[in-house]
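Taking it in order: structure first as structure tokens, then the write-up.
Numbering (this note's numbering), first residue to last: -13 to 73.
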């Protein structure tokens, strides 16, 4: 339990941020799973169409601080590689 007024406020703000981050992370994971399902199906046109949407969500997560910039770049690169490997 917080001993100071400012510490109590910090705890409240941290709790709100944690919920926001969890929501953003969950949305991102869902989008990546949807994209990977399309890739596993072998449909290159659908995967190529879904790639910018998924990469946009990764960028958004990076901007919001949910994901580190380098991790976001690495994720986007790996998603693009999966599309390029499709025949």
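Ideal Cβ positions, reconstructed from N, Cα and C, are used throughout, including at glycine.
Status (buried if at least 16 other CB within 10 Å, exposed otherwise) for residue i
i: residue 65; result: buried
i: residue 48; result: buried
i: residue 52; result: buried
i: residue 2; result: exposed
i: residue 37; result: buried
Nonlocal neighbours in the same chain, by C-beta distance under 8 Å from residue i, ignoring five residues either side
i: residue 30; result: 69, 72 and 73
Anticipated Cβ contact below 8 Å, residue i with residue j, distance rounded
i: residue 45; j: residue 32; result: At roughly 21 Å, the Cβ-Cβ gap does not stay under 8 Å, so residue 45 and residue 32 are not in contact.
Backbone secondary structure at residue i - three-state DSSP
i: residue 56; result: helix
i: residue 29; result: coil
i: residue -10; result: coil
Proximal residues to residue i (C-beta, below 6 Å), its chain only, five neighbours per side dropped
i: residue 25; result: 33 and 68
i: residue 12; result: none
i: residue 61; result: 44
Neighbourhood of residue i by C-beta, 7 Å cutoff - its chain only, sequence neighbours within 5 removed
i: residue -12; result: -6 and -3
i: residue 18; result: 40
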